[in-house]
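Residue numbers (the numbering used here), protein chains in the order written: chain A, 1 to 118; chain B, 1 to 463. Notes to accompany the following structure.
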């Protein structure tokens, strides 16, 4: 019972520490020191027609979609590992296996074929 | 000229006649002389006018003659040009004829070289993927042993833009002992399915399919699993089934989000006992044996109706390497030959990625089935697994960037009295993106005495 409790605690602690470390490393470059923030007065926001219109969401590129989908289950596979024809077959397999949206699968295929080099 | 001379002589004759009139003639008066003089002067004027007219006509005639001569010259030049062009045409025709003869002769001697095709547009392609695992395992109370755990090739044949046939095998090497000496190679067909893309949202899958019950079966082949064995609770549900399926994904917005679905029908779980009393006993439940072709070569479902199942999932990527997925799936159908008992299962699955270094995933599994001897049986379990790649710590130590620490907790109870709890700690060292060395120590707590702690070392290669 004690060993079970210790091991469960160990796994949970490791997971929490890992996620905190990960989030901290992501935020390291964005947090400004509090003193610097206090010195800068807030600039009044100008109201214009532009601030009221939300910009259209940016479409994801093939490389971004590749980063989103192709690292979820297995380590990254490099585009140069396969020929363009092989990628076409493999993407068909992955589209079915991972249930990828068709348009996104096509963009990922285009990215892989353009960068396969063969 | 002649005309002028004639008129000149006539005028002179008249003048002489006037100057020397004939004696025998009668004398003329002044009036007659004046009239005659006027007449001569008029004749003279007329003669001059005619002379001028003659000059003009002669000039005009001369000009016409010149023009005619020039036209004749131009005509002659045109004739020469035409002759030259005709000669050139004859020469060109001869050249074309000679070239055709040469080409025909060359073609007969040497075949036209094949133009290399663009590989990206090839309409069919055969590829082999897969993985292989080699292990050293030491179970508590047993001798440690090397074992060839699995060779699992996947054959892919793309027959067009929308058709794919894929099949996966498991080659397993197993002792014949203690029954007999030697070893046996076992080949299992883990899946063999035909995929046909109707459109962007619907794909038909048919054959011996990996089932979308949870995500483990479809996304956790040997080398994809960071632990060298399967979560305990996965033994409560089938991993594949013979039937047909419709599946697809619907994108939500432009940021990569999507809703996925799968709906399928399969023969379903069955009983491994012969037909008759006891067929529906709990211990005879067979999750994966109902493949349609019986051992006596007859074709039949082992029970009256197929089972149906489905999965719906929601995938939410916040940005690359930051995503969350949640899915709910289930299957239900009769399992005994008489069709009096249902077998049902439901799975809640989830996965989380926080950056390139951290991932967590798991499944909660429940199953329920009726039986002749033990009544209704409730089985269930769950597993959760987390991994952290030490590259996320940004430490400048040799080899540490290729190391990932992994931990797993899994639990299952089979509804027949066996409960097992397992804690696994380990690591994965990435020798490359496809060659992994895995090590795990598993702490087992179970009322099944065969479940013991074990150390497993595995070399796993994905290709």
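Using N, Cα and C, we set each Cβ at its ideal position, and we do this for glycine too.
Using a beta-carbon distance below 8 angstroms, is residue i in contact with chain A?
i              : result
residue 216(B) : no
residue 120(B) : Because the pLDDT of residue 120(B) is 49, which lies under 50, any placement of that residue in the model is unreliable, and the number read from its coordinates should be weighed accordingly. For residue 120(B), the answer is yes, since a Cβ of chain A falls inside 8 angstroms of its Cβ.
residue 433(B) : yes
residue 184(B) : no
residue 260(B) : yes
residue 247(B) : yes
residue 422(B) : no
residue 455(B) : no
residue 158(B) : yes
residue 471(B) : Outside the shown range of chain B, which is 1 to 463, sits residue 471(B), and nothing can be said about it.
residue 179(B) : no
residue 312(B) : no
residue 329(B) : no
residue 219(B) : yes
residue 228(B) : no
residue 189(B) : no
residue 213(B) : no
residue 266(B) : no
residue 320(B) : yes
residue 430(B) : yes
residue 224(B) : yes
residue 403(B) : no
residue 250(B) : yes
residue 205(B) : yes
residue 153(B) : no
residue 473(B) : A question about residue 473(B) goes unanswered here, because the residues of chain B that appear run from 1 up to 463.
residue 235(B) : no
residue 323(B) : yes
residue 244(B) : no
Quick check: is the beta carbon of residue i nearer than 8 angstroms to any beta carbon in chain B?
i              : result
residue 79(A)  : no
residue 103(A) : yes
residue 73(A)  : yes
residue 90(A)  : yes
residue 161(A) : The question about residue 161(A) has no answer here: the residues shown for chain A are numbered 1 through 118.
residue 68(A)  : yes
residue 112(A) : no
Heavy atom of the ligand SAM less than 7 angstroms from the Cβ of residue i, yes or no?
i              : result
residue 250(B) : Absent from the structure shown: the ligand SAM. Ligands present: none.
Using beta carbons (cut-off 8 angstroms, strictly below), is residue i in contact with chain C?
i              : result
residue 346(B) : No chain C is present in this structure, whose protein chains are A and B.
With a cut-off of 8 angstroms on the beta carbons, I'd call residue i and residue j a contact; round off their distance for me.
i              : j              : result
residue 184(B) : residue 174(B) : 5 angstroms
residue 281(B) : residue 373(B) : 5 angstroms
residue 454(B) : residue 442(B) : 5 angstroms
residue 112(A) : residue 75(A)  : Rounded, the Cβ-Cβ distance is 15 angstroms, inconsistent with contact.
residue 256(B) : residue 317(B) : 4 angstroms
residue 237(B) : residue 345(B) : 5 angstroms
Applying the criterion that 16 or more other CB atoms from any shown protein chain within 10 Å of the CB defines a buried residue, is residue i buried or exposed?
i              : result
residue 59(B)  : exposed
residue 456(B) : buried
residue 45(B)  : exposed
residue 103(B) : exposed
residue 104(A) : buried
residue 29(A)  : Low per-residue confidence applies at residue 29(A): pLDDT is 39, beneath 50, and the placement is therefore not dependable, though the value from the model is reported in the following sentence. Exposed, by the Cβ-count rule.
residue 341(B) : buried
residue 71(B)  : exposed
residue 191(B) : buried
residue 89(B)  : exposed
residue 105(B) : exposed
residue 66(B)  : exposed
residue 33(B)  : exposed
residue 140(B) : exposed
residue 426(B) : buried
residue 245(B) : buried
residue 361(B) : buried
residue 313(B) : buried
residue 276(B) : exposed
residue 260(B) : buried
residue 349(B) : buried
Checklist entry - Which full runs of the beta strand (DSSP E) of 3+ residues lie inside the region 233 to 307 of chain B, going along the chain? => result 240 to 252, 257 to 266
Checklist entry - What are the complete beta strand (DSSP E) segments, minimum 3 residues, inside the region 343 to 386 of chain B? => result 358 to 369
Next on the checklist: Under 8 angstroms, with one C-beta from each stretch per pair, do the region 368 to 388 of chain B and the region 402 to 413 of chain B reach the 3-pair mark?
Outcome noted: yes
Checklist entry - Counting Cβ pairs, one atom from each stretch, are 3 or more of them under 8 angstroms apart for the region 395 to 405 of chain B and the region 361 to 378 of chain B? => result no
Checklist entry - With a cut-off of 8 angstroms, do at least 3 Cβ pairs link the region 219 to 236 of chain B to the region 260 to 268 of chain B? => result no
Checklist entry - Do the region 437 to 452 of chain B and the region 414 to 427 of chain B make contact, defined as three or more Cβ pairs closer than 8 angstroms? => result yes
Checklist entry - Going along the chain, which unbroken runs of the beta strand (DSSP E) with 3 or more residues stay wholly within the region 184 to 216 of chain B? => result 203 to 210
Next on the checklist: Pairs of beta-carbons, one from the region 338 to 356 of chain B and one from the region 85 to 105 of chain A, closer than 8 angstroms: are there three or more?
Outcome noted: no
Checklist entry - Taking one C-beta from the region 352 to 360 of chain B and one from the region 307 to 323 of chain B each time, how about it: are there three or more such pairs within less than 8 angstroms? => result yes
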